[in-house]
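Here is the structure we will look at, set down as structure tokens.
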Amino acid sequence: MKLTDPLLFRQACYVNGDWLSCKATLAVTNPFDGSALGSVPKFGRAEAEDAIAKAQAAWPLWRGKTAKQRADILRAWSRLILEHIDDLARILTLEQGKPLAEAKAEIAGGADYVEWAAEEGRRAYGEVIPSKRPGMQPITIRQPIGVVAAITPWNFPSSMITRKAAPALAAGCPVIIKPASATPFSAFALAELAERAGFPAGVLNVITGDSSAIGDAFAKSPAVRGLSFTGSTSVGKELMARCSATMKKLGMELGGNAPYLVFDDADLDLAANLVPGCKFRNNGQTCVCANRLLVQDSVHDEFVKRALAAVQKMRLGNGLEEGVTTGPLISPKVVKDMETLVKDAVKQGARVLCGGKPSPLGGGFFEPTILVDVTPEMRVFREEIFGPIAPVLRFADEDEAIRLANDTEYGLASYLFSRDVGRIWRVASALEYGMVGVNETALATGEAPFGGVKESGLGREGGRQGLDEFMEYKYILLGDLARR
Ligand code: NAP
Numbered sequence: 082m083k084l085t086d087p088l089l090f091r092q093a094c095y096v097n098g099d100w101l102s103c104k105a106t107l108a109v110t111n112p113f114d115g116s117a118l119g120s121v122p123k124f125g126r127a128e129a130e131d132a133i134a135k136a137q138a139a140w141p142l143w144r145g146k147t148a149k150q151r152a153d154i155l156r157a158w159s160r161l162i163l164e165h166i167d168d169l170a171r172i173l174t175l176e177q178g179k180p181l182a183e184a185k186a187e188i189a190g191g192a193d194y195v196e197w198a199a200e201e202g203r204r205a206y207g208e209v210i211p212s213k214r215p216g217m218q219p220i221t222i223r224q225p226i227g228v229v230a231a232i233t234p235w236n237f238p239s240s241m242i243t244r245k246a247a248p249a250l251a252a253g254c255p256v257i258i259k260p261a262s263a264t265p266f267s268a269f270a271l272a273e274l275a276e277r278a279g280f281p282a283g284v285l286n287v288i289t290g291d292s293s294a295i296g297d298a299f300a301k302s303p304a305v306r307g308l309s310f311t312g313s314t315s316v317g318k319e320l321m322a323r324c325s326a327t328m329k330k331l332g333m334e335l336g337g338n339a340p341y342l343v344f345d346d347a348d349l350d351l352a353a354n355l356v357p358g359c360k361f362r363n364n365g366q367t368c369v370c371a372n373r374l375l376v377q378d379s380v381h382d383e384f385v386k387r388a389l390a391a392v393q394k395m396r397l398g399n400g401l402e403e404g405v406t407t408g409p410l411i412s413p414k415v416v417k418d419m420e421t422l423v424k425d426a427v428k429q430g431a432r433v434l435c436g437g438k439p440s441p442l443g444g445g446f447f448e449p450t451i452l453v454d455v456t457p458e459m460r461v462f463r464e465e466i467f468g469p470i471a472p473v474l475r476f477a478d479e480d481e482a483i484r485l486a487n488d489t490e491y492g493l494a495s496y497l498f499s500r501d502v503g504r505i506w507r508v509a510s511a512l513e514y515g516m517v518g519v520n521e522t523a524l525a526t527g528e529a530p531f532g533g534v535k536e537s538g539l540g541r542e543g544g545r546q547g548l549d550e551f552m553e554y555k556y557i558l559l560g561d562l563a564r565r
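All residue numbers for the sequence shown refer to my numbering, where the first residue is 82 and numbers rise by one.
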């Protein structure tokens, strides 16, 4: 790993303040060249249940701390994450593949979520409700829900953890994190820093292993009062069904199929130059990636010409190398998926403007691809692509643009480019999405609520709403107050 602080590279689970190993292990490889990076414990149901019991035991101590005491520890965690950003980014790039600059941006964004949650935890106000009955006073207080289980994906191995864990911890809940098996080392490094920041034993735990068995243990345990999941819609639905037996709070950050609407009055250079960042960031493997570029007829050709020029500046390679803009896909299997999607579109009449095939670099590399003449019948329109293919469609007017944009079961991020404030308001209001970027694509930030509607999920992460996921309102009615 060649880290300045070698202790950040841990190959053991972190439970109740102890680093635990077991005989069965999972191998972790570098997606750039398939080389071995290390291995992590393959925990199952029994170990997950043990972690739940330890977290439950730690709850009274953690919820008994003042919000300020919890905030101080969270702020220390955020500071430590930033102090070790170079090592953390190196670990992230090695296990996930994204370029170092993107890895650093993710770590910094993750630290920002922690700082925001630390501050927001101190503002978990209740209410004094005006009473309509004399001598009575209704009030509400907010309390932590209890043990929270968090299951996270490989595409953002660090910030998807801090975005869930930090508000839960700030609210007063202990957390058990199950990171993706492909990218566990970022999670263990965060746990090492959490220990140094001063979280008491059992308050923050990280376990790796059999995702189905661990997920089932989380779902079925009555002690787990909240399950926060980020990943595919199919696994999210499965977990939701399993959780119904214990009626817990659910946070579901699932898949997307983001439309990127370019109207005839848009700043075309702005819209075209944001395509590499919005569509191809993390090699197209983000839930908020533009999945469909919808462009008004009269500016279609010019926009496509400029977007093509912007995409052709991208450089594929090892994420550790200076100047590389795009690392490998998470596995060579995704290259095959991309080939199949392109073939399906071309068979139905789409044209490949660039890319469309595996890169000569081999392994997990597929050339950045722009497809034109795409139609809603094609798989690239209907499915979350999760790779470097940008399908382009035409629309005639605002109504058609909205209809095409909403023609999906997903509803996470959407983008629109226009300079007309009336149109911006009309379209942003009509889009069936949890988030709309207007002339801007960098949506995720600590102070704003991130999340989707429809089959993109439930709940919000970040913003003042982020804390709500991990707290319950308790209504207390004070009676007989008039009697002396
Ligand atoms: P995934 O296959 O659903 O896996 C996500 C997590 O769930 C991993 O930790 C995985 O563990 C675990 N898992 C898999 N099967 C499980 C099961 N049966 N029970 C319990 N846990 C299980 O998703 P992914 O491929 O890692 O991530 C890509 C997806 O995440 C995309 O759809 C993307 O849009 C979505 N995503 C959404 C957001 C958002 O904020 N809305 C953010 C990022 C990503 P293993 O790795 O050990 O199998």
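In this text, a Cβ means the ideal position worked out from N, Cα and C, and glycines have one as well.
Say the cut is 7 angstroms; is the CB of E536 nearer than that to a heavy atom of the ligand NAP? By 1-based counting over the sequence shown, the position of residue 536 is 455. No, the beta carbon of E536 sits no closer than 7 angstroms to any heavy atom of the ligand NAP.
C-alpha distance - L173 paired with E183, whole-angstrom precision: Residue numbering aside, residue 173 sits at position 92 when the sequence shown is read from its first letter. Residue numbering aside, residue 183 sits at position 102 when the sequence shown is read from its first letter. Straight-line Cα distance between these residues: approximately 10 angstroms.
Going straight from the alpha carbon of F280 to that of G119, what length do you get? Locating residue 280 in the sequence shown gives position 199, counting from the first residue. Locating residue 119 in the sequence shown gives position 38, counting from the first residue. Approximately 27 angstroms between the Cα atoms of the pair.
Contact check, S495 vs V517 under 8 angstroms by CB: the rounded distance? On the sequence shown, residue 495 is found 414 positions in, with the first residue counted as 1. On the sequence shown, residue 517 is found 436 positions in, with the first residue counted as 1. Going by Cβ atoms, the distance from S495 to V517 rounds to 5 angstroms, so yes, they are a contact pair.
Please state the DSSP three-state secondary structure of N487. Along the sequence shown, one-based indexing puts residue 487 at 406. Reduced to three states, the DSSP call for N487 is helix.
Does the distance from the CB of G312 to the CB of I242 come in under 8 angstroms? Here residue 312 refers to the residue found at position 231 when the sequence shown is read from its first residue. Here residue 242 refers to the residue found at position 161 when the sequence shown is read from its first residue. The answer is no: Cβ separation not under 8 angstroms.
To the nearest whole angstrom, what separates the beta carbons of L493 and V369, a pair I think is in contact under 8 angstroms? Counting from one through the sequence shown, the residue named residue 493 turns up at place 412. Counting from one through the sequence shown, the residue named residue 369 turns up at place 288. With 8 angstroms as the limit, L493 and V369 qualify as a contact, their Cβ atoms being about 6 angstroms apart.
Would you be able to state if there are at least three C-beta pairs under 8 angstroms between the stretch 194-203 and the stretch 223-238? no
Should V385 be listed as close to the ligand NAD, given that the test is whether its C-beta is under 7 angstroms from any heavy atom? Among the ligands modelled here, namely the ligand NAP, the ligand NAD does not occur.
Status (buried if at least 16 other CB within 10 Å, exposed otherwise) for E465: By 1-based counting over the sequence shown, the position of residue 465 is 384. Burial call: buried.
Quick check: is any heavy atom of the ligand NAP less than 7 angstroms from the C-beta of M241? For the purposes of this step, residue 241 is identified with residue 160 of the sequence shown, where counting begins at 1. Correct: M241 has its Cβ closer than 7 angstroms to the ligand NAP.
Kindly identify the DSSP beta-bridge partner or partners of A108. To locate residue 108, count along the sequence shown from 1; it is residue 27. Bridge partners of A108: S120.
If contact is defined by three or more beta carbon pairs under 8 angstroms, each pair taking one atom from either stretch, is the stretch 517-534 in contact with the stretch 467-484? no
Hey, is the stretch 425-445 in contact with the stretch 336-355, meaning 3+ C-beta pairs nearer than 8 angstroms? Not touching, per the Cβ criterion.
For R277, I'd like the list of residues in its chain whose CB is within less than 7 angstroms of its CB, leaving aside the five on either flank, ordered along the chain. Sequence index remark: in the sequence shown, residue 277 carries index 196 (1-based). Here the set comprises L161.
Three-way DSSP call (helix, strand, coil) for F344 in this model: Here residue 344 is taken as the residue at index 263 of the sequence shown, counted from 1. Coil, per DSSP.
Through-space distance from A268 to I188, alpha-carbon basis: Counted from its first residue, the sequence shown places residue 188 at position 107. Counted from its first residue, the sequence shown places residue 268 at position 187. If you take the alpha carbons of I188 and A268, they lie about 12 angstroms apart.
Following the continuous alpha helix (DSSP H) through N286, name the residue where it begins and the one where it ends. As a first step, residue 286 must be located in the sequence shown, where it is residue number 205. Run containing N286: none in the alpha helix (DSSP H); it sits in the beta strand (DSSP E), L285 to V287.
E465: CB within 7 angstroms of a non-hydrogen atom of the ligand NAP: The residue given as residue 465 occupies position 384 in the sequence shown. True, at least one ligand heavy atom lies under 7 angstroms from that Cβ.
Considering just the uninterrupted stretch of the alpha helix (DSSP H) at F310, what are its terminal residues? Walking along the sequence shown from the start, residue 310 turns up at place 229. That residue, F310, is in no alpha helix (DSSP H); its beta strand (DSSP E) goes V305 to T311.
Just to check my reading of the structure: I288 and A431 have Cβ atoms closer than 8 angstroms, yes? What is that Cβ distance to the nearest angstrom? Taking the sequence shown and counting its residues from 1, the one referred to as residue 288 is at position 207. Taking the sequence shown and counting its residues from 1, the one referred to as residue 431 is at position 350. About 44 angstroms separates the two Cβ atoms, so there is no contact after all.
Proximity test, Cβ basis, 8 angstroms: P340 and chain D: Here chain D cannot be found, since the structure has a single protein chain.
Would you mind sorting R151 into buried or exposed? The rule is 16 or more other CB atoms within 10 Å of its CB. The residue given as residue 151 occupies position 70 in the sequence shown. Classification of R151: buried, given that the 10 Å Cβ count is 16 or more.
Could you name the residues of the same chain whose beta carbon sits closer than 8 angstroms to that of R91, not counting the 5 residues immediately before and after it, in chain order? Stepping through the sequence shown from its first residue, residue 91 is reached at position 10. Counting only Cβ-Cβ distances below 8 angstroms, and skipping sequence neighbours, we find W100, F266, F269, A270, A272 and E273.
With distance defined between alpha-carbon atoms, name the residue in R323, P87 and E334 nearest to T314. The residue given as residue 314 occupies position 233 in the sequence shown. Closest by alpha carbon: E334.
Run the CB neighbour count on G566, radius 10 Å, all protein chains shown included, and call it buried at 16 or more, exposed below. With the chain represented from 82 up to 565, any question about residue 566 goes unanswered, as that position is not in the structure.
So L421 is in the alpha helix (DSSP H); what residue range does that whole segment cover? Reading the sequence shown from its first residue, position 340 is the one you call residue 421. Per the sequence shown, the amino acid found at residue 421 is Thr instead of Leu. The continuous alpha helix (DSSP H) containing T421 extends over residues P413 to K428.
N-terminal and C-terminal residue of the beta strand (DSSP E) that L101 is part of: Locating residue 101 in the sequence shown gives position 20, counting from the first residue. Residues D99 to L101.
Determine whether the beta carbon atoms of F361 and T407 lie at a separation below 8 angstroms. Start at 1 with the first residue of the sequence shown, and residue 361 comes out as number 280. Start at 1 with the first residue of the sequence shown, and residue 407 comes out as number 326. A contact, by the Cβ cut-off of 8 angstroms.
With a cut-off of 8 angstroms, do at least 3 Cβ pairs link the stretch 135-142 to the stretch 283-302? yes
Starting from P248 and walking both ways along the alpha helix (DSSP H), at which residues does that stretch end? Counted from its first residue, the sequence shown places residue 248 at position 167. It spans S240 to A252 - the alpha helix (DSSP H) in which P248 sits, taken as one unbroken run.
Can you give the beta carbon distance from Y194 to R244, rounded, assuming they're within the 8 angstroms contact cut? Residue 194 sits at position 113 when you count from the first residue of the sequence shown. Residue 244 sits at position 163 when you count from the first residue of the sequence shown. Sure, about 5 angstroms apart at Cβ, within 8 angstroms.
For the ligand NAP, is there any heavy atom lying closer than 7 angstroms to the beta carbon of G336? The residue labelled residue 336 in the question sits at position 255 within the sequence shown. Within the cutoff, so yes.
For the ligand NAP, I want to know if P303 counts as a neighbour, meaning its beta carbon is within less than 7 angstroms of at least one of the ligand's heavy atoms. Here residue 303 refers to the residue found at position 222 of the sequence shown. Incorrect: P303 has no Cβ contact closer than 7 angstroms to the ligand NAP.
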